[in-house]
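There are 2 protein chains.
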Amino acid sequence: MFSSDPNAMGMLIRKLESIAFLSEEERQAIQNLPIRVQALRARQDIVRDGDRPSQCCLVLEGWAVRYKLLSEGRRQILSFHIPGDIPDLQGLHLHTMDHSLATLTKATVAFIPHESLLDLTTRYPTLAGIFWRETLIDAAIFREWVTSMGRRSACERIAHLFCELYLRLEAVGLASEHRCEMLVTQIELSDALGLTSVHINRVLKDLRQRELITLKSRNLTIEAWNELTRTSDFDPTYLHQRRPVA
Amino acid sequence: MFSSDPNAMGMLIRKLESIAFLSEEERQAIQNLPIRVQALRARQDIVRDGDRPSQCCLVLEGWAVRYKLLSEGRRQILSFHIPGDIPDLQGLHLHTMDHSLATLTKATVAFIPHESLLDLTTRYPTLAGIFWRETLIDAAIFREWVTSMGRRSACERIAHLFCELYLRLEAVGLASEHRCEMLVTQIELSDALGLTSVHINRVLKDLRQRELITLKSRNLTIEAWNELTRTSDFDPTYLHQRRPVA
DNA sequence: AGGAACCATTCACATAGGTTTCCTCTTTTG
DNA sequence: CAAAAGAGGAAACCTATGTGAATGGTTCCT
């Protein structure tokens with residue numbers, strides 16, 4: 013399938029506009045990127061550790077994760093990705109994958125050749141800066157995760173992650189009123205936060221009892237945003253979103 | 013002081029050449045960057061969380077750290093920086109600091125105006141790609157740290173960090189034969205690895221007893237490289253260095 | 001609709017790593 | 001060069017989180 017689908021790139025544009033200003037010409041240039049759209053099953057690898065991909069993957073629908081595998085079956089989830097994200101943008105200048113990328117849920121993705129993206133960055137230096145910025149925000153999120161894993165308690169980590177994901181979903185129009193889908197199992201949460209699923213379960217129970225959140229069949233409601241951000245030390249600056257957040 | 017110092021930029025060039033190829037013209041362009049060299053005391057902030065800097069900081073001598081402060085005096089060190097590093101390169105496209113940068117030891121740094129760097133990236137798109145790559149490697153290191161903090165034991169984390177720092181120092185000519193300076197206290201190690209200094213001390217004792225390392229008055233010798241990399245699951249791919257490593 | 005596979009939940013028990021405290025050895029600095 | 005500050009080291013004790021195992025509830029195939 014080609015870029016004829018008028019909406020495929022809408023998600024990417026919405027995402028980029030959440031972190032930078034795009035001119036009409038730049039929006040057009042993005043719309044004209046050649047893409048190949050593909051539907052994927054849940055829990056399917058897209059690129060693997062060690063691969064040398066020649067295209068980037070844009071998430072259109074569903075969630076994806078990046079992860080590393082360690083000895084003895086240990087797994088670390090490095091990031092969650094939602095529609096509008098390009099989880100392997102770093103591939104443009106880092107030629108060997110140092111981790112894997114997979115779908116979490118059933119998903120639709122679009123593949124964009126590196127070649128076309130590099131050409132775009134040459135023709136539109138401002139867009140190059142915006143894509144660069146996107147990878148820098150990715151890094152800023154890793155820094156925040158390092159901070160969580162290093163110095164925050166289990167409870168703070170979970171609360172912090174929920175705040176982050178809510179704001180990211182809201183920025184691309186996939187959440188509002190402190191409600192969003194939370195398409196991750198407790199096992200996935202544990203692999204992302206460096207905990208066990210048993211402990212995730214304990215802490216979720218506590219967060220529910222304190223009436224900070226409601227979480228049922230993949231639907232999260234943050235019942236007390238201010239208290240949740242306070243207890244988890246959450247400050248959205250690191251997301252570097254364009255519009256100031258409540 | 014201006015770029016008249018013929019050696020100030022040598023460190024940056026050596027660093028960039030450890031991750032990419034530079035043409036003679038590009039080397040010249042870098043040499044011509046205007047810089048202001050400054051000597052700093054140990055443990056001195058260079059840029060603070062929330063600042064909006066207009067220049068980047070290149071480390072010439074000594075070590076630096078990036079860190080975040082949390083409530084109740086908690087601190088998380090996000091990265092260690094050695095000569096040749098530009099710890100706040102992300103400032104080029106991320107205008108508000110989401111963490112602080114400070115010296116660890118007495119240090120010499122060079123400040124380069126964002127303006128000059130942005131101009132350089134416009135005139136030399138290949139150099140833009142190389143600086144972008146540098147920030148992507150920075151992110152790759154964060155991913156590895158997330159993995160360490162999430163799924164590696166205290167012993168594995170320390171061993172992994174030593175391997176990483178050794179290779180980075182070696183890449184810019186500041187280490188060889190599995191020996192290097194390790195200009196960090198046990199407290200700083202603990203704040204970087206999400207542990208306490210007491211536990212760092214316990215684990216170092218163990219690593220010494222197992223004759224994997226020697227660490228005395230800031231001098232580290234890795235006595236058994238292969239075993240150390242094996243026990244810590246260390247794979248240097250994530251450093252994306254140009255030359256293959258032993 | 002029925003089963004297989006996955007997920008959430010809970011319990012009893014185990015441990016890696018944290019806390020507090022104290023002492024000694026270096027390093028810095030006046 | 002001596003005092004002060006900082007860093008390494010270590011013991012006793014504590015706790016947040018891990019382990020393993022069992023049960024019932026969901027979701028997804030066929």
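From first to last, the protein sequence lines are chains S and Z.
Residues 13 to 258 (this note's numbering) make up the first sequence, in order.
Residues 13 to 258 (this note's numbering) make up the second sequence, in order.
Don't be surprised by glycine CBs; every beta carbon is placed ideally from N, CA and C.
Everything numeric in this text was worked out from a predicted model, so none of it was measured.
- Inter-segment contact for the stretch 216 to 229 of chain S and the stretch 175 to 186 of chain S is absent: fewer than three beta-carbon pairs are separated by less than 8 Å.
- In summary, the residues of the stretch 102 to 113 of chain Z whose CB is separated from some CB of chain S by less than 7 Å are Q102, H105, L106, T108, D110 and H111, in the order they occur in the chain.
- S209 of chain Z has a beta carbon lying at 7 Å or more from every beta carbon in chain S.
- Within chain S, the C-beta atoms nearer than 7 Å to that of A151 of chain Z come from Q102, T147, D150, A151 and F154, in chain order.
- For the set Z:T249, Z:A171, Z:S209 and Z:Y250, the Cα lying nearest the Cα of E235 of chain Z is the one of Z:A171.
- Taking 4 residues as the minimum length, the alpha helix (DSSP H) runs contained wholly in the stretch 138 to 224 of chain Z are 166 to 183, 198 to 205 and 209 to 221, in order along the chain.
- Counting only the Cα atoms, C69 of chain S lies some 23 Å from A187 of chain S.
- DSSP links R78 of chain Z through a beta bridge to Z:S91 and Z:L113.
- Exposed is the label assigned to G62 of chain S, since fewer than 16 other Cβ atoms lie within 10 Å of its Cβ.
- Using a Cβ-Cβ distance cut-off of 8 Å, the stretch 87 to 101 of chain S and the stretch 35 to 55 of chain S are not in contact, since fewer than three pairs of beta carbons, one from each stretch, lie closer than that value.
- The Cβ atoms of T159 of chain S and K80 of chain Z sit closer than 7 Å to each other.
- By a beta-carbon distance limit of 8 Å, I142 of chain Z does not contact I47 of chain Z. Their separation comes to about 18 Å.
- Spatial neighbours of E156 of chain Z in its own chain (CB-CB distance under 6 Å, excluding positions within 5 residues in sequence) are listed in chain order as Y250.
- One thing to note: V121 of chain Z has its Cβ no nearer than 7 Å to the Cβ of C167 of chain Z.
- At least 7 Å separates the CB of D97 of chain Z from every CB of chain S.
- Checking the DSSP bridge columns, you'll see I124 of chain S partnered with S:C68.
- Taken through DSSP and simplified to helix, strand or coil, Q50 of chain S comes out as strand.
- For the stretch 190 to 207 of chain Z, the beta-carbon criterion of a distance under 9 Å to any beta-carbon of chain S is satisfied by D203, A204, L205, G206 and L207.
- For the C-beta of R86 of chain S, the chain Z residues within less than 7 Å are, from N- to C-terminus, R163.
- Taking a C-beta distance under 7 Å as the contact criterion, R78 of chain Z and P65 of chain Z do not qualify as a contact pair.
- The beta-carbon separation of S91 of chain S and I153 of chain S, rounded to 7 Å, stays under the 8 Å limit for a contact.
- Within the model, the alpha-carbon separation for H111 of chain Z versus I89 of chain Z is close to 10 Å.
- Beta bridge pairing from DSSP links K228 of chain S with S:N231.
- Within the stretch 114 to 138 of chain Z, the residues whose Cβ lies closer than 9 Å to any Cβ of chain S are, in chain order, L130, T133, T134 and P137.
- Below the 8 Å Cβ cutoff, chain S contributes L82 and S83 as neighbours of D245 of chain Z, in chain order.
- Interface annotation, Y79 of chain S: not in contact with chain Z, CB-CB separation never under 7 Å.
- The Cβ atoms of C175 of chain S and T241 of chain S lie closer than 7 Å to each other.
- Taking a beta-carbon distance threshold of 7 Å, V215 of chain Z does not count as an interface residue toward chain S.
- Closest by C-alpha distance to L205 of chain S, out of Z:R164, Z:D203, Z:S83 and Z:V71, is Z:R164.
- The contact set of W157 of chain S on chain Z, defined by CB atoms closer than 7 Å, consists of V158 in chain order.
- Per DSSP, reduced to three states, the secondary structure at I58 of chain Z is strand.
- Spatial neighbours of A41 of chain S in its own chain (CB-CB distance under 8 Å, excluding positions within 5 residues in sequence) are listed in chain order as L132, R135, Y136 and L139.
- Shown here, A41 of chain S sits in a helix according to DSSP, grouped into three states.
- By the beta-carbon neighbour count (other beta carbons within 10 angstroms, threshold 16), K228 of chain S is exposed.
- T226 of chain Z does not reach chain S, its nearest Cβ partner there being about 26 Å away, counting only Cβ pairs nearer than 8 Å.
- Contact annotation: L195 of chain Z and T117 of chain Z have beta-carbon atoms nearer than 7 Å.
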